[in-house]
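Shown next, in structure tokens, is the structure this report addresses.
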Amino acid sequence: MARIVMKFGGTSVADLNRIHNVARHVKREVDAGHEVAVVVSAMSGKTNELVGWVENMPKVAGSNAPFYDAREYDAVVASGEQVTSGLLAIALQSMGINARSWQGWQLPVKTDNAHGAARILDIDGADIIRRMGEGQVAVVAGFQGLGPDNRVATLGRGGSDTSAVAIAAAVKADRCDIYTDVDGVYTTDPRIEPKARRLKKIAFEEMLEMASLGAKVLQVRSVELAMVHKVRTFVRSSFEDPDAPGMGDLLNPPGTLICDEDEIVEQEVVTGIAYAKDEAQISLRRLADRPGVSAAIFGPLAEAHINVDMIVQNISEDGSKTDMTFTVPSGDVNKALRVLSENKEKIGYDVAQSESGLVKVSVIGIGMRSHAGVAASAFRALAEKGINIKAITTSEIKISILIDGPYAELAVRTLHSAYGLDKS
Ligand code: ASP
Ligand code: MG
Numbered sequence: 001m002a003r004i005v006m007k008f009g010g011t012s013v014a015d016l017n018r019i020h021n022v023a024r025h026v027k028r029e030v031d032a033g034h035e036v037a038v039v040v041s042a043m044s045g046k047t048n049e050l051v052g053w054v055e056n057m058p059k060v061a062g063s064n065a066p067f068y069d070a071r072e073y074d075a076v077v078a079s080g081e082q083v084t085s086g087l088l089a090i091a092l093q094s095m096g097i098n099a100r101s102w103q104g105w106q107l108p109v110k111t112d113n114a115h116g117a118a119r120i121l122d123i124d125g126a127d128i129i130r131r132m133g134e135g136q137v138a139v140v141a142g143f144q145g146l147g148p149d150n151r152v153a154t155l156g157r158g159g160s161d162t163s164a165v166a167i168a169a170a171v172k173a174d175r176c177d178i179y180t181d182v183d184g185v186y187t188t189d190p191r192i193e194p195k196a197r198r199l200k201k202i203a204f205e206e207m208l209e210m211a212s213l214g215a216k217v218l219q220v221r222s223v224e225l226a227m228v229h230k231v232r233t234f235v236r237s238s239f240e241d242p243d244a245p246g247m248g249d250l251l252n253p254p255g256t257l258i259c260d261e262d263e264i265v266e267q268e269v270v271t272g273i274a275y276a277k278d279e280a281q282i283s284l285r286r287l288a289d290r291p292g293v294s295a296a297i298f299g300p301l302a303e304a305h306i307n308v309d310m311i312v313q314n315i316s317e318d319g320s321k322t323d324m325t326f327t328v329p330s331g332d333v334n335k336a337l338r339v340l341s342e343n344k345e346k347i348g349y350d351v352a353q354s355e356s357g358l359v360k361v362s363v364i365g366i367g368m369r370s371h372a373g374v375a376a377s378a379f380r381a382l383a384e385k386g387i388n389i390k391a392i393t394t395s396e397i398k399i400s401i402l403i404d405g406p407y408a409e410l411a412v413r414t415l416h417s418a419y420g421l422d423k424s
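Position 307 of the sequence shown, counted from 1, bears residue number 307 in our numbering, the numbering being contiguous throughout.
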């Protein structure tokens, strides 16, 4: 017998038939004798609709009132999950399963006060554990908790993944199954490379890189949390027949397991290729090479909430001048240039050059730590295709390469095959 948290995303609960199908997935695990808690998202599109209502409330002409009150935003947008948790509890009850819905405030899932983007501080799992022991299935509304002001707080878009992992950690679940509209995590985006393979396992750290680089399967924060609490997290599809052979397999259900690297016995050198579109590069030429220059550049950018990614600084030739290149999302490039020019005196550079429409392609794998020549193969493969590299950054488990936008798909496919990731 195992303790399993099952999370169902918006497309999995998009209508009553799908909610019924979700209930069959839950029933399968309950019938197998497992202790089960469920976390649900809102029906797909619902949260967008609710956010739209909040944002489009007509204002009194000439009013200077704030756009909207974040506590009331939360009161409105948290309602989507309230509906699906109740509906799923009803569907389960109709199948003879002892089930009860729970809103974030009822457990409670305690959060900080950052309404609209709250972080989970604490969940007392004792009550759910007790109820699971009595054979009851808790159906928990994801994406929400209770702030210190005693009001509903939501966790930021996509936050129900984080709710599920946090609840799995709180009840010490053996597994957290994230059911979604894809059947696992792939070596790269299958829409770009049809030869992409579904991974059986991926290490937390690798998934963190894949998730933050645009493989939008899971909210990044949920992966961080899973890594910290070592929650074995499974990505799998809710659209498969709940009773197909193997679906209830405890050790090897169909999908991708995100787990500690120790659990991955045969570690490949490279696990996947990720990409991030719409990057822009900014280069500051002939900067003074002295202490404080980087702080003078990146301090004001951070204050302007501009997310800086790759940073490359040259070693100066003669100790007096240097160049600095970094990337920002294309949408932020004009704002960044404005901030830089406002601070031009203080920073002390000659010219700022920029280019938009770039793509960052990344090669990811924990196996890189212990293998030489991994980066060299990427450079060789790209060179053979005539793809020019604009900037390179590396970490222990990742090589990121900045290239011109139109080459993105070719680069992803080239690297995918260069590291032997293509399915045969
Ligand atoms: N319903 C919320 C959203 O759309 C939370 C989630 O689905 O994870 O962002
Ligand atoms: Mg989601």
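Even glycine gets a Cβ: it sits at the ideal position worked out from N, Cα and C.
Same chain, Cβ closer than 6 Å to residue i, five either side skipped, listed in chain order
| i | result |
| --- | --- |
| ALA375 | ILE399 |
| PRO300 | VAL339 and ASN343 |
| THR327 | GLU279, GLN281, ASP309 and MET310 |
| LYS46 | GLY80 |
| SER41 | GLY9, GLY10, GLY142 and SER160 |
| LYS423 | LYS195 and ARG197 |
Buried versus exposed, by CB contacts within 10 Å (16 or more), residue i
| i | result |
| --- | --- |
| LEU155 | buried |
| PHE67 | exposed |
| ARG369 | exposed |
| ARG236 | buried |
| ILE167 | buried |
| LEU146 | buried |
| SER85 | buried |
| LYS385 | exposed |
| GLY52 | exposed |
| ASP74 | buried |
| HIS115 | buried |
| GLY104 | buried |
| GLU134 | exposed |
| GLU206 | buried |
| VAL77 | buried |
Neighbourhood of residue i by C-beta, 7 Å cutoff - its chain only, sequence neighbours within 5 removed
| i | result |
| --- | --- |
| GLY33 | MET1 |
| VAL39 | VAL5, LYS7, VAL140, GLY142, SER160, SER163, ALA164 and ILE167 |
| MET95 | ALA23 and LYS27 |
| SER316 | ASP289 and THR322 |
| PHE298 | VAL308 |
| ALA391 | GLN281, MET310, VAL312, THR325 and LEU402 |
Residue span of the beta strand (DSSP E) that contains residue i, given as start and end
| i | result |
| --- | --- |
| TRP102 | 99 to 102 |
| LYS425 | Because residue 425 is not part of the residues shown, which for the chain are 1 to 424, the question remains open. |
| ALA203 | 201 to 203 |
| PRO329 | 321 to 329 |
| LYS27 | It is not in any beta strand (DSSP E) - LYS27 instead sits in the alpha helix (DSSP H) that spans 16 to 31. |
| VAL54 | Where VAL54 is concerned, there is no enclosing beta strand (DSSP E), although the alpha helix (DSSP H) it sits in stretches over 46 to 55. |
| VAL235 | 233 to 237 |
| VAL333 | It is not in any beta strand (DSSP E) - VAL333 instead sits in the alpha helix (DSSP H) that spans 333 to 342. |
| ASP249 | Here ASP249 belongs to no beta strand (DSSP E), and DSSP marks it neither H nor E. |
| THR393 | 391 to 395 |
| THR111 | 109 to 111 |
| ILE401 | 398 to 404 |
Residue i - partner residues in DSSP beta bridges
| i | result |
| --- | --- |
| GLU263 | The partner list for GLU263 (beta bridge, DSSP) is empty, contrary to what the question assumes. |
| MET6 | VAL38 and ASP177 |
| PHE143 | The partner list for PHE143 (beta bridge, DSSP) is empty, contrary to what the question assumes. |
| ALA153 | GLY145 |
| VAL312 | THR325 |
The alpha helix (DSSP H) enclosing residue i, as first and last residue numbers
| i | result |
| --- | --- |
| GLN82 | 79 to 94 |
| GLY357 | That residue, GLY357, is in no alpha helix (DSSP H); its beta strand (DSSP E) goes 351 to 364. |
| THR414 | 408 to 418 |
| ARG130 | 126 to 133 |
| VAL374 | 374 to 384 |
| ASP161 | 160 to 170 |
| LEU121 | Run containing LEU121: none in the alpha helix (DSSP H); it sits in the beta strand (DSSP E), 120 to 123. |
Contacting residues, own chain, Cβ-Cβ under 8 Å from residue i (five flanking each side not counted)
| i | result |
| --- | --- |
| ALA211 | VAL217, LEU218, GLN219, VAL220 and VAL223 |
| MET43 | GLY10, VAL13, ALA14, ASP15, GLY80, VAL83 and THR84 |
| LEU208 | VAL220, VAL223, GLU224 and MET227 |
| HIS20 | ALA91 |
Proximity test, Cβ basis, 9 Å: residue i and chain C
| i | result |
| --- | --- |
| LEU410 | Reference to chain C is not applicable here, since this structure consists of a single protein chain. |
(request) Please determine if the region 138 to 152 and the region 185 to 197 are in contact, where contact requires at least 3 C-beta pairs separated by less than 8 Å. (result) Too few Cβ pairs lie closer than 8 Å, so no.
(request) Decide yes or no for the touch test of the region 8 to 26 against the region 101 to 117: beta carbon pairs closer than 8 Å, at least 3 of them. (result) No: fewer than three Cβ pairs fall under 8 Å.
(request) Examine the Cβ distances between the region 269 to 281 and the region 352 to 371 and report whether three or more of them are shorter than 8 Å. (result) Because the criterion of three Cβ pairs below 8 Å is met, the region 269 to 281 and the region 352 to 371 touch.
(message) Under 8 Å, with one C-beta from each stretch per pair, do the region 168 to 183 and the region 227 to 234 reach the 3-pair mark?
(response) Taking 8 Å as the limit for Cβ pairs, the verdict is that the region 227 to 234 does touch the region 168 to 183.
(request) Evaluate the contact criterion for the region 280 to 290 versus the region 250 to 259: three or more CB pairs, one atom per stretch, below 8 Å. (result) Result no; under three Cβ-Cβ pairs closer than 8 Å.
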